[in-house]
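In this text, residue positions in the sequence shown follow the working numbering: the first is -10, and each later residue adds one. These notes concern the structure reproduced below.
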Amino acid sequence: MSYREKSVSQLESELFANISIINKLDEKYQKGQLNADFFQKSFKNAVYELLQIKIALKQRNIIFSDLIKKNNYIHEYNKAIRTIDKISELNLAKASYQHKINTNNRYGSLLKSSILHIPGITSEITSSFITLMDAIKLEISIGESFILNLFQELIEKTRTFPGLQNLSQKITKIYKHVTAHIETLKTNREYQEKVVNHLYDLFQEFQYLLSLKV
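Spelled out as structure tokens, the structure:
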């Protein structure tokens, strides 16, 4: 059964179960009761499940933070978030070294903010957003086909991620407009900035949707 088909009570139960799993994984790993490979895989899956539950609740217009507070689970949840932050900061340091990410600039800081709570494919979506916005700002000096391919990759990644179909449709709308006005994109700086600003708004929507902060 997909998260979309589950009842609110089922989602609540799984939400609190996943919070407990994250805390127990950290506790056992710190005690040396779990090997690193098992911990990393289990941790990633638990965070992914947490994100899916949050998206499913949002689709029902249920505020994630209110649910946590209403059930007096804020202490356990904050404990889980500290664990996520701790692991993600280590991953960020590794990613920054490998890919020379500058976390002091505008997009670098956004990438850092996303990595903190988003495993796997969501980090790829973040990178796709940033690469596309940067490429457009280069005034198409790298070629229009490259820009359109970046759009297509971003659309595909968001389309296949559960809960992001609406976001993918918004990106597709921008893509179609850009495709129809590709010559304008090549020469008109104002149009370039307008497209980047629209993408930036969608990127912020993406971050908000998947943020686990309360």
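Don't be surprised by glycine CBs; every beta carbon is placed ideally from N, CA and C. Quick caveat: nothing in here was measured; it's all calculated off a predicted structure.
query: If you run the structure through DSSP and keep just helix, strand and coil, what is Lys33?
result: Lys33: helix per DSSP, three-state reduction.
query: Can you give the Cα-Cα distance for Leu105 and Ser54, rounded to whole angstroms?
result: Confidence at Leu105 is low in this model, with a pLDDT of 41, below 50, so the placement of that residue is unreliable and no value is reported for it.
query: Considering only the beta carbon of each residue, do Ile125 and Leu188 sit closer than 9 Å?
result: Yes, the Cβ-Cβ distance between Ile125 and Leu188 is below 9 Å.
- request: Could you give the DSSP three-state label for Asn50: helix, strand or coil?
  value: Asn50 sits in coil when the DSSP states are folded into three classes, being neither helix nor strand.
- prompt: So Ile195 packs on Leu156, CB below 8 Å; how close in whole Å?
  reply: For clarity, residue 195 is Phe in the given sequence; the question names Ile instead. About 6 Å; that satisfies the 8 Å criterion.
message: Rounded to whole angstroms, what is the Cα-Cα separation between Asn12 and Glu133?
response: Taken atom to atom, the span from the alpha-carbon of Asn12 to that of Glu133 is near 47 Å.
- prompt: Buried or exposed: Asp15, going by 16 or more other Cβ atoms within 10 Å of its Cβ?
  reply: So Asp15 ends up on the buried side.
Residue nearest to Lys33 in terms of C-alpha spacing, selected from Ile10, Glu65, Ile160: Comparing Cα positions, the closest option is Ile10.
- prompt: Buried or exposed: Phe27, going by 16 or more other Cβ atoms within 10 Å of its Cβ?
  reply: Exposed is the call here.
query: Since Phe150 is in the alpha helix (DSSP H), which residue starts that stretch and which ends it?
result: Membership of Phe150 in any alpha helix (DSSP H) is not indicated, and neither H nor E is assigned to it by DSSP.
task: List the endpoints of the continuous alpha helix (DSSP H) containing Gln(-1).
output: Note, Gln(-1): alpha helix (DSSP H), -3 to 19.
- request: Give me the Cα-Cα distance between Ile63 and Ile57, rounded to the nearest whole angstrom.
  value: So the two alpha carbons sit approximately 6 Å from each other.
message: Using the three-state DSSP reduction, which class does Gln41 fall into: helix, strand or coil?
response: Gln41 falls in the helix class under three-state DSSP.
field: Buried or exposed by the 16-neighbour rule on C-beta atoms within 10 Å, applied to Ser116
entry: Classification for Ser116: buried.
message: Along the chain, where does the alpha helix (DSSP H) containing Glu182 start, and where does it finish?
response: Where Glu182 is concerned, the enclosing alpha helix (DSSP H) stretches over 178 to 199.
message: What would DSSP say about Gln22, mapped onto helix, strand or coil?
response: In this structure, Gln22 counts as coil in the three-state DSSP scheme.
query: If you draw a straight line from the C-alpha of Ile70 to the C-alpha of Ile52, how long is it?
result: Inter-residue distance for Ile70 and Ile52 is about 17 Å (C-alpha atoms, whole angstroms).
- request: Would you check if the distance between the CB atom of Lys144 and the CB atom of Leu174 is smaller than 9 Å?
  value: With the sequence shown as reference, residue 144 is identified as Ile, and Lys is not the correct amino acid for it. No, these two residues do not count as a Cβ contact at 9 Å.
message: Less than 9 Å between the beta carbons of Asn7 and Ala35, yes or no?
response: Yes, the Cβ-Cβ distance between Asn7 and Ala35 is below 9 Å.
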